[in-house]
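Residue numbers 890 to 1058, in the working numbering, belong to the letters of the sequence shown in order.
Backbone N, C-alpha and C fix where the C-beta goes; we use that ideal spot for every residue, glycine too.
From a predicted model like this one, the values you see are computed outputs, not experimental measurements.
First the structure, in the form of structure tokens, and then the observations on it.
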Amino acid sequence: MSTSAKEIYVTALKNTHAVEMQALQIMERQVERLERYPEMTDALRKHIDETHGQRRRLEEALHSFDETPSAIKEGFLGFVGNMMALGHTPAQDEILKNTYANHAFENFEIAAYTSLLAIGDAAGLSAHRAGLTQSLDEEKAMAQRVHDLIVPTTQRYVQLTASGEKADR
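Have a look at this one:
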């Protein structure tokens, strides 16, 4: 049985929507715990707002096909996101591990949106291109923000740790 490019596109929309749920869970758990890294907190809060907009754009695209997000994928990836966010909490260098993971996850999302746009092109579906491109640009900007915070976050971590202060988050 053959799957049409449109069906592949709709599935990719659902998958990307679920990935954004995972991203929200990760970022929201981190923001709850961050205490000594205001620049990272600000970046995450801004991106949480952007992610809500990304999810709305994906929902609008799904609704245009009379489709809705997958409750199973949402539930599973939301759970995984929470577990990922909690996975680094016992580590002394929690902030560093979260920074590495955030950088990797943003690049994962960049790949997902790039692929989603290519699938839409292959299916001849361009109605959502502007919104998806906006989401891709937001992911690229966040990946750059996290990248730019690696050195200052690491330096602050070293400074706090070396002075005997709590530095994990």
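Ordered along the chain, which non-local residues of its own chain (more than five positions away) have a Cβ less than 6 Å from that of residue i?
{"i": "residue 932", "result": "1034"}
{"i": "residue 901", "result": "1005 and 1008"}
{"i": "residue 943", "result": "909 and 1024"}
{"i": "residue 1012", "result": "894, 895 and 898"}
Just curious, the alpha helix (DSSP H) that residue i is in, first and last residue?
{"i": "residue 994", "result": "983 to 1011"}
{"i": "residue 895", "result": "894 to 922"}
{"i": "residue 1021", "result": "1018 to 1051"}
{"i": "residue 949", "result": "927 to 952"}
Give every residue of the same chain whose Cβ lies closer than 7 Å to the Cβ of residue i, excluding the five residues on either side of it in the sequence, and list them in chain order.
{"i": "residue 1038", "result": "928, 929, 932 and 988"}
{"i": "residue 957", "result": "951"}
{"i": "residue 936", "result": "916 and 1031"}
{"i": "residue 1041", "result": "928"}
{"i": "residue 998", "result": "908, 912 and 1028"}
{"i": "residue 995", "result": "1028, 1031, 1032 and 1035"}
Taking Cβ to Cβ, would you say residue i is nearer than 8 Å to residue j?
{"i": "residue 1001", "j": "residue 908", "result": "yes"}
{"i": "residue 950", "j": "residue 1017", "result": "yes"}
{"i": "residue 1027", "j": "residue 948", "result": "no"}
{"i": "residue 934", "j": "residue 1058", "result": "no"}
{"i": "residue 992", "j": "residue 1036", "result": "yes"}
Counting only the same chain and skipping the five closest in sequence on each side, list residues whose C-beta sits under 8 Å from that of residue i.
{"i": "residue 946", "result": "1017, 1020, 1021, 1023 and 1024"}
{"i": "residue 953", "result": "1016 and 1017"}
{"i": "residue 1003", "result": "1025"}
{"i": "residue 920", "result": "930, 933, 934 and 937"}
Take every Cβ of the segment 1015 to 1027, pair it with every Cβ of the segment 1035 to 1052, and state whether three or more of those distances are shorter than 8 Å.
-> no
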